[in-house]
Amino acid sequence: ETVDLSLQVKKRDGTFEDFQQEKLIHGMDAACRHTRVSHDQVRALAYRIKADLMAKGVREISSQELGDVVIRQLKDTDVVAYIRFACVYKRFKDVRELLEAIRELENEETIHAAEEK
145 ETVDLSLQVK KRDGTFEDFQ QEKLIHGMDA ACRHTRVSHD QVRALAYRIK
195 ADLMAKGVRE ISSQELGDVV IRQLKDTDVV AYIRFACVYK RFKDVRELLE
245 AIRELENEET IHAAEEK
């Protein structure tokens, strides 16, 4: 008897596809281009994301949930990469939505700075 260790991603259109590590790395690499985040760091983040999902026994995840996981990782790693990924992932329709996301980051940073004092 074998154990199925595959992870399925439910896309926005309702179809499923196998989780593709390289696809995740490619998307994160694009967001991290010209930032302080190296390709090796991107690969490590991608492997950690998959390992965490597998450790939790996740066998199916929506593309939205996967995007949320990635966005949290990038937000903690590099805010520019986070904003770049968020622009594509959240499908900002205009500059106003982008500015709102940036303001949220600024507010969070202000709160964290105040908590550290």
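Residues 145 to 261 in this note's numbering are what the sequence shown spells out, letter by letter. Built from N, CA and C at the ideal position, the CB exists for glycine as well.
Straight-line gap, residue i to residue j (C-alpha atoms, nearest Å)
i, j, result
"L197", "Q164", "13 Å"
"K200", "D173", "25 Å"
"R247", "E161", "35 Å"
"V223", "Q185", "15 Å"
"R177", "R203", "30 Å"
"K154", "R180", "31 Å"
"R235", "G211", "12 Å"
"R192", "L168", "12 Å"
"T159", "N251", "37 Å"
"S206", "R187", "21 Å"
"H170", "A245", "23 Å"
DSSP-derived helix/strand/coil call for residue i
i, result
"F236", "coil"
"V224", "helix"
"K154", "strand"
"S182", "coil"
Status (buried if at least 16 other CB within 10 Å, exposed otherwise) for residue i
i, result
"E260", "exposed"
"N232", "The residue asked about is misnamed: residue 232 is Val in this sequence, not Asn. Exposed, by the Cβ-count rule."
"L218", "buried"
"V214", "buried"
"A190", "buried"
"A195", "exposed"
"R228", "buried"
Residue i - containing alpha helix (DSSP H), residue span
i, result
"G171", "165-176"
Own chain, CB closer than 7 Å to residue i, minus 5 neighbours either side, in chain order
i, result
"A175", "L218, A225, R228, F229"
Own chain, CB closer than 6 Å to residue i, minus 5 neighbours either side, in chain order
i, result
"L242", "F236"
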